[in-house]
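Numbering (our numbering), first residue to last: 77 to 287.
What follows is one structure encoded as structure tokens, with my remarks underneath.
Quick look at the structure:
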């Protein structure tokens, strides 16, 4: 590894650490759960900029701008996520405690998996596309079910990050969220590009047929 590559890697590591600290700070400043979701969308927006090659911007100012701009909408997603998790928890406890209803367990597992895979792509989709509120959820689910390779890669990265943080808990304040945001956004971009390429190919084909 030459000095230029080392400097680039060191810069990215320090930047991700700084972004993670901002994510924690703004989550706390936003009164915990009310700050968590807009801070998360801001974190994903910043990592998106880094991935597409934008570096000439002040991270704090841009982070604050996204946090403020997306505060209400991000908390709207947060409300849906929290309510969904609570309902899934109640349903799970009910199903496992009632023998007569355990036949519903496969349905519950399907809904749980659908929720998780949608959530995995929700923030990358939100920071990449300009859609109506509920269309973000629909698009996230669509991308998840049509991108099994990226989905498995993101899931595997989450597991690896989790185990690394358990081995090195001192890294939690620096890399607990930003590294996963960077990896999931990077892999999501592959899915976005493939879907867009497929749409353009189909559009070109239909145009040629029309002619």
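Backbone N, C-alpha and C define an ideal beta-carbon position, used for all residues, glycine too.
Predicted, not measured: the structure shown is a model, and the values here were computed from it.
8 angstroms Cβ shell around residue 91 - same chain, five flanking residues per side excluded: As a working note, residue 91 is residue 15 in the chain shown. Excluding residues within five positions, the ones whose Cβ falls inside 8 angstroms are 126, 135.
C-alpha distance - residue 169 paired with residue 215, whole-angstrom precision: Residue numbering aside, residue 169 sits at position 93 when the chain shown is read from its first letter. Residue numbering aside, residue 215 sits at position 139 when the chain shown is read from its first letter. Taking the straight line joining both Cα atoms gives about 30 angstroms.
Three or more C-beta pairs below 8 angstroms linking the segment 206–222 and the segment 253–272: yes
Three-state secondary structure assigned by DSSP to residue 226: Position 150 of the chain shown, counting from 1, holds the residue named residue 226. The answer is helix: DSSP assigns residue 226 an H, G or I state.
Segment limits, alpha helix (DSSP H) that includes residue 308: Not covered by the structure: residue 308. The range shown for the chain is 77 to 287.
Short Cβ contact (9 angstroms threshold) for residue 96 with residue 254: Position 20 of the chain shown, counted from the start, is the residue given in the question as residue 96. Position 178 of the chain shown, counted from the start, is the residue given in the question as residue 254. Yes, the pair counts as a contact, with Cβ atoms nearer than the cut-off.
Span separating the alpha-carbon of residue 140 from that of residue 174: Residue mapping note: residue 140 aligns to position 64 of the chain shown, counting from 1. Residue mapping note: residue 174 aligns to position 98 of the chain shown, counting from 1. Roughly 48 angstroms separates the two Cα atoms.
Whole-angstrom distance between residue 210 and residue 241, CA atom to CA atom: In the chain shown, counting from the first residue as 1, residue 241 sits at position 165. In the chain shown, counting from the first residue as 1, residue 210 sits at position 134. Residue 241 and residue 210: Cα-Cα distance of roughly 33 angstroms.
Contact set for residue 117: own chain, Cβ-Cβ below 7 angstroms, skip 5 residues either direction: For the purposes of this step, residue 117 is identified with residue 41 of the chain shown, where counting begins at 1. Excluding sequence neighbours, residue 117 sits near 142, 146, 150, 199, 202, 203.
Spatial neighbours of residue 246 in its chain, beta-carbon cut-off 6 angstroms, leaving aside the 5 residues before and after: As a first step, residue 246 must be located in the chain shown, where it is residue number 170. No residues qualify anywhere along the chain.
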